[in-house]
Ligand SMILES: [Zn+2]
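Numbering (full-length UniProt numbering), first residue to last: 1 to 252.
As structure tokens, then:
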């Protein structure tokens, strides 16, 4: 039974991941997410069911359009696969609980904003505005393990830190990042959002340094910070208390 549910959740993640790709690319471009149906960006041929099977269509057509042979971005299958794996991770971590639902919605938001931020360097407002009320309702129904003020402070302080840094560094971080931390701080609570922010900075400097060394990016080239925040938030959401405990042991 567990294996069947795992498989179902994984496939659900793949399919939704495919939809998240569409949302992440169309919302910042102010296009409808239902119309028109997906088409190849090069030859405009409308895609058929067999072109839209998550991951497999990409592998079967070896990463190019079946009609005009132009390359398809590898971000699509990666987005789908990552969503599937993260959905599975939430299920393994939380089982079938209210918190699992919170986790799945959180993963959905983070996948969408990561794809948007990577492709157009923006965290779309409309996406955040859609998810925020959903999280408010979810947290009212499934309060999680923390007091209500922890969630409120998580939102206020998470957002405040980024606004402060952005003022001090004049645009090192954007308002999209601030609003993302506001929404996610409300979901994960005060301590986890602080841990998430520290993790994002650490991972960001490590990866950023590596990309500089390998000449993939140039100095002063603006890089999106949203994906690092997304990774930090997920690690902190899943393992935040273990991380704090390990850290305290280390310094104590
Ligand atoms: Zn094409």
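Just so it is clear, CB atoms sit at the ideal spot from N, CA and C, and this is done for glycine as well.
query, result
"Reduced DSSP category for residue 71 - H, G, I as helix; E, B as strand; rest coil", "strand"
"Residue 42: CB within 8 angstroms of a non-hydrogen atom of ligand 1", "yes"
"Cβ shell of residue 185 (< 6 angstroms), same chain only, five flanking positions each side left out", "154, 155, 158 and 193"
"Closest Cα partner of residue 109 within the set 20, 35, 203 and 9", "20"
"Alpha-carbon spacing of residue 24 relative to residue 176, whole angstroms", "14 angstroms"
"Nonlocal neighbours in the same chain, by C-beta distance under 6 angstroms from residue 79, ignoring five residues either side", "17, 21 and 115"
"Beta-carbon gap between residue 183 and residue 101 smaller than 9 angstroms", "no"
"Boundaries (first-last residue) of the alpha helix (DSSP H) holding residue 177", "175-188"
"Heavy atom of ligand 1 within 8 angstroms of residue 218 beta-carbon", "no"
"Span separating the alpha-carbon of residue 224 from that of residue 163", "16 angstroms"
"Residue 49: first and last residue of the uninterrupted alpha helix (DSSP H) it sits in", "Run containing residue 49: none; DSSP gives neither H nor E here."
"First through last residue of the alpha helix (DSSP H) which encompasses residue 232", "226-251"
"Member of 239, 7, 210 and 230 whose CA lies at the smallest distance from the CA of residue 106", "230"
"Residues bridged to residue 64 [DSSP beta-bridge criterion]", "71"
"Where residue 39 falls: helix, strand or coil (DSSP)", "strand"
"As assigned by DSSP and simplified to three states, the class of residue 214", "coil"
"CB-CB length for residue 166 against residue 196, believed under 8 angstroms", "That pair is no contact at about 17 angstroms."
"C-beta atoms of residue 72 and residue 84 nearer than 9 angstroms", "no"
"Nearest to residue 120 (by Cα), restricted to the options 30, 56 and 65", "30"
"DSSP-derived helix/strand/coil call for residue 54", "coil"
"Residue from 240, 135, 214 and 125 with nearest C-alpha to residue 99", "135"
"Local conformation of residue 222 per DSSP, three classes", "coil"
"Simplified DSSP state of residue 203, which is helix, strand or coil", "helix"
"Coarse secondary structure for residue 107, derived from DSSP in three states", "helix"
"Cβ-based burial, residue 57 [other Cβ within 10 Å; buried from 16]", "buried"
"Unbroken alpha helix (DSSP H) run spanning residue 6, endpoints", "2-26"
"Sub-9 angstroms separation of residue 222 and residue 118 beta-carbons", "no"
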